[in-house]
RNA sequence: GGCUCUAUCGUCUAUCGGCUAGGACACAUCCUUCUCAAGGAUGGAAGGCGGGUUCGACUCCCGCUAGAGUCACCA
């Protein structure tokens, strides 16, 4: 049996973390079993469905690399549902029901994009399913056997009219026609399952396997929603989270491989994923851990790939700086890659941050050149810096200026005179900062010329 | 409220009756170090409560408690 899973978002809001995680589990399971996942937009609610959300969801899935070759829209399948509706009506498994009162519904859902008060303009005739009022027992891959009495459901409504099927009906027909073998969805789907099984039995569809996965929760342990902050996938993309890192983290929310392994490539995830390892209880979303995982992925990335990404995040304030050059950026990359968790930090380093001094003469007060401990006088410090210049100039022209050669040239002198007295002013001269990478790394990034001129500047300041 | 589900460090989790309860994130301290970051080491930190079953329960059963979800002519 070929595995077919489905991801059926309703385009009533942007792709959020919870849905992305549900999609991921469907994707991983299908890929793992050599099957496929289909994407189905459940847009039968014309008032709430928006094209822009559909695009957001589609792009989000693309970004995460979960492209689906088969994409359906329920709004385009009205005739299909109609066919099944007519069949049910003919077999008297469903019937038209005249409704006397118009029901009014007030949305209380925080997540809803709607204005919160909606009045449904209700037609007087609807289609109801004849409910045999039995106890439905189904097996859930995560939770085992679940039994729910459908008596109080009554003869529930399956369509507003012959051409306006409701969610449950459309879902069951689609899952049947698209031959879905596994329904992997959020645990709130548990309550939907009995009535969907009732519809299945009425139309003569086989029962797929059910797998209800726990929620992704907010800090307060309630289902993750807008009030918890950044919940849409796009926000994480903007932040500079890597798609594979995001997938990696999402997979670990509610699933684990049974080993202590935490960093996975997409391929490893697919290979090791199994539904039986899914957790029963909800998992709180932690941005901290996501950042850490992103960092681990960043570490494993090649410098060339990192450079491509970096270029997208370098702000204008930096590229318009007098000493800006791509070469210098390239030399900065190894250190930068070690320091950041998310790509957005690169932009944040722009204004007066740790990137601006790389591409412009540092501005600082002379006092900063004085080491905190063992304050030596300015004359001694400027002598040290002069010597440093001298030593760097003497580096054999056949050798390039890099952190190793500079360190080699200066180390003995610094050791002899006190590393703090030599290295601190040297580092401040190059960075203008109290905190920065070490002076050897800085001189490699800046290059010989800029290094020497910054040292010279510092000497003038000390003598001034 | 009815119904359904869940319950191990602050968080993500391991344990499928033998536990000195393991790992990761975060946190703290120390080391390394001119500063920062990184790295290394160490540490604090958990089985909701009460009954059973058992030689032995975090693990199995029951009750309670707590939390979540769900009860539409939304999906």
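Numbering (my numbering), first residue to last: -12 to 451.
Backbone N, C-alpha and C fix where the C-beta goes; we use that ideal spot for every residue, glycine too.
Practice problem: Quick one: give me the first and last residue of the beta strand (DSSP E) that residue 351 is part of. | Solution: The residue you call residue 351 lines up with position 364 of the first chain. Counting along the chain, residue 351 falls outside any beta strand (DSSP E), and DSSP gives it neither H nor E.
Quiz item: Cα-Cα, which of 120, 212, 257, 265 is closest to residue 131?
Solution: Taking the first chain and counting its residues from 1, one reaches residue 131 at position 144. Per the Cα distances, 265.
Quiz item: Can the beta-carbon of residue -2 be found closer than 8 Å to that of residue 56?
Solution: Locating residue -2 in the first chain gives position 11, counting from the first residue. Locating residue 56 in the first chain gives position 69, counting from the first residue. Contact flag unset, no.
Quiz item: Curious, which full-length alpha helix (DSSP H) runs of at least 4 residues does the region 231 to 311 contain?
Solution: 253 to 259, 274 to 287, 290 to 300, 303 to 306
Quiz item: Is there contact here, the region 52 to 69 with the region 157 to 170, by at least three beta-carbon pairs under 8 Å?
Solution: yes
Practice problem: Would you identify the three-state DSSP class for residue 422, choosing helix, strand or coil? | Solution: One-based indexing of the first chain puts residue 422 at position 435. Reduced to three states, the DSSP call for residue 422 is coil.
Quiz item: Taking the Cβ atom as the reference point for each residue, do residue 203 and residue 157 lie within a distance shorter than 8 Å?
Solution: Taking the first residue of the first chain as position 1, residue 203 is located at position 216. Taking the first residue of the first chain as position 1, residue 157 is located at position 170. Their beta carbons are not under 8 Å apart, which means residue 203 does not touch residue 157 by this criterion.
Quiz item: What does a CB cutoff of less than 8 Å around residue -12 pick up in its chain, not counting 5 residues either side in sequence?
Solution: Position 1 of the first chain, counted from the start, is the residue given in the question as residue -12. So the qualifying residues of the chain are 168.
Self-check item: residue -9 and residue 25 closer than 8 Å at C-beta
Solution: Working through the first chain from its first residue, we reach residue -9 at position 4. Working through the first chain from its first residue, we reach residue 25 at position 38. Closer than 8 Å, so yes.
Exercise. Would you tell me roughly how many angstroms separate the C-alpha atoms of residue 223 and residue 443, rounded to the nearest one?
Key: Taking the first residue of the first chain as 1, we reach residue 223 at position 236. Taking the first residue of the first chain as 1, we reach residue 443 at position 456. Using only the alpha carbons, I get a separation of about 44 Å.
Self-check item: Secondary structure of residue 210, DSSP reduced to three states
Solution: By one-based count along the first chain, residue 210 stands at place 223. The answer is strand: DSSP assigns residue 210 an E or B state.
Exercise. Provide the residue span of the beta strand (DSSP E) that contains residue 47, from first to last.
Key: As a working mapping, residue 47 is identified with position 60 in the first chain. Residue 47 -> not in any beta strand (DSSP E); alpha helix (DSSP H) instead, spanning 38 to 50.
Exercise. Could you please give the first and the last residue of the uninterrupted alpha helix (DSSP H) stretch that includes residue 186?
Key: By one-based count along the first chain, residue 186 stands at place 199. Here the alpha helix (DSSP H) through residue 186 covers 179 to 190.
Quiz prompt | Own chain partners of residue 324 with C-beta closer than 8 Å, once the 5 adjacent residues on each side are dropped | solution = Translated into positions along the first chain, residue 324 becomes position 337. Hits under 8 Å: 285, 286, 288, 290, 293.
Exercise. Kindly indicate which three-state DSSP category residue 78 falls into: helix, strand or coil?
Key: If you number the first chain from 1, residue 78 lands on position 91. Looking at residue 78 - three-state DSSP - the assignment turns out to be coil, as it is neither helix nor strand.
Quiz prompt | Backbone CA spacing between residue 394 and residue 427 [nearest angstrom] | solution = Position 407 of the first chain, counted from the start, is the residue given in the question as residue 394. Position 440 of the first chain, counted from the start, is the residue given in the question as residue 427. Using only the alpha carbons, I get a separation of about 6 Å.
Quiz item: Taking residue 172 as the reference, which of 384, 422, 401, -6 has the closest Cα?
Solution: To locate residue 172, count along the first chain from 1; it is residue 185. Here the closest residue by C-alpha is -6.
Quiz item: Thinking C-alpha only, which one of 314, 225, 41, 373 is nearest residue -4?
Solution: Position 9 of the first chain, counted from the first residue, corresponds to residue -4. Comparing Cα positions, the closest option is 41.
Self-check item: Proximity winner among 74, 7, 72, relative to residue 46 (alpha-carbon distances)
Solution: Along the first chain, read from residue 1 onward, the residue named residue 46 stands at position 59. When each option's Cα is compared against that of residue 46, the closest is 7.
Quiz item: In its own chain, which residues sit with a C-beta less than 7 Å from the C-beta of residue 96, not counting the 5 before and 5 after it?
Solution: Along the first chain, read from residue 1 onward, the residue named residue 96 stands at position 109. In this prediction, residue 96 scores a pLDDT of 41, lower than 50, which makes its location untrustworthy; the coordinate-derived value is nonetheless stated afterwards. If we look at residue 96 and ignore the five residues flanking it on each side, it has no Cβ neighbours.
Quiz item: Would DSSP call residue 383 helix, strand or coil?
Solution: Start at 1 with the first residue of the first chain, and residue 383 comes out as number 396. DSSP places residue 383 in coil when its eight states are reduced to three.
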